[in-house]
Amino acid sequence: MLLIGGSALAAAAVAAFLYWDDASHYESTDDAFIAARQYAITSRVAGYISSVPVTDNQHVASGEVIARIDDRDYQTALEQAQAQVAAANANIKNTEAQKRVQQANVEEAEAQVAQAEANLVFAQQQNDRYQGLVKSGSGTLQEAQQYTSQLHQQQAALNTDQASLTAARRQLDAYDFQIANVEATLKQDQAQLDQAKLNLSYTTMAAAQPGRVVQLSAGDGEYVQAGTNLAMFVPDKLWVTANFKETQLDHMRPGQPVTLTIDAYGGRTIHGHVASVQPGSGTAFSLLPAENATGNYVKIVQRVPVKIELDDVPSDLALGPGMSVVPTVRTNASPSLWESLRNVL
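All letters in the sequence shown, in the order written, are residues 2 to 346 by our numbering.
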């Protein structure tokens, strides 16, 4: 009888040791939950909602439409902006054509000035020659006066042509200034056109990435202002934040495999791996960190958040932020005694 009792006690001790050795290869906590970067879906323009092709909690693919705003006003604004840009371009082309005509006028005026200068030189030479003839007695005073008059006429003609050339050049400069103004107007109209295109695109709100639409509040026919929340969006990219005791982190490293039990699905398990360990306790980064500089300090084991990324999430599981899980991290890759015995047996 004593032999049987001793054998049972020894077997129990061996089993307890094997259990302890196997458990020492893992760290687990029930202070863990699923997290995600959830964000609000908001309208960027005002208007009446024309359609909401999704339902609450529906999974959507990247680019799938979540809501549409009546775009008729924005389509009209786009057409008006396009017409303004077209008018500005036409104005530029018309002004450039007028500038080319004026450039020809300037060149013609320059030619007239050159001809008038040549005529003036010839008239000056004729006048000088006949003035000399009069002094020598070989010419008449009447002829000398006639050539003097022609000289004055040519000088007046040159002055007139020079004034015309100056006016033509100023008009050419005016066209350059006008073109610069129209080009500035074109840039402004183009900016309005770009904004009109953006506003029209904003009437369609689509998913930027795969995920689920939750807390859907938008409805057909509802008028919304810019910035109104229409729904919340939870991307498919999920992870687990597990708050381990600081005494459990000695052998925990990024990349270690994790088995996670999901409370909401009857203990169903999925797999993941340690992504990172926060360099500090959870309370150290809170809005109001704990103040320990008191006379009655009591030491409490702190908890440190560990980020666990999921490797295989079944498509039939609707996982979301805040759901509880129990992660078990394999912190020792070497086989335990129980695993070694099981492989042998």
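All residues carry an ideal CB built from backbone N, CA and C; glycine is no exception.
Three-state secondary structure (DSSP) at residue 261?
strand
Please classify residue 200 as buried or exposed, where buried requires at least 16 neighbouring CB atoms within 10 angstroms.
buried
Find out if the Cβ-Cβ distance for the pair residue 52, residue 71 is shorter than 7 Å.
no
For the 8 Å Cβ check, are there 3 or more pairs between the region 178 to 190 and the region 82 to 93?
yes
Excluding the 5 residues flanking residue 324 on each side, which residues of the same chain have their C-beta closer than 8 Å to its C-beta?
34, 35, 263, 264, 265
If the criterion is Cβ atoms closer than 7 Å, does the pair residue 258 and residue 277 meet it?
no
Do residue 152 and residue 1 come within 7 Å of each other at the CB atom, strictly closer than that value?
Since the first residue shown for the chain is 2 and the last is 346, residue 1 is missing from the structure and cannot be characterised.
Give a yes or no on whether the C-beta atoms belonging to residue 186 and residue 110 are separated by under 7 Å.
no
Every unbroken beta strand (DSSP E) within the region 66 to 143, with a cutoff of 3 residues, ordered by chain:
66 to 70
Residue 214 and residue 55 - do their beta-carbons sit closer together than 7 Å?
yes
Okay, do the region 92 to 110 and the region 222 to 237 touch, 3+ Cβ pairs below 8 Å being the bar?
no
Residues near residue 166 in its chain [Cβ-Cβ closer than 8 Å; skip 5 each side]
107, 110, 111, 113, 114
Which residue spans inside the region 142 to 179 form an unbroken alpha helix (DSSP H) run of at least 4?
none
Do residue 96 and residue 42 have their beta-carbon atoms positioned less than 7 Å apart in this structure?
no
Which of helix, strand or coil DSSP assigns to residue 183
helix
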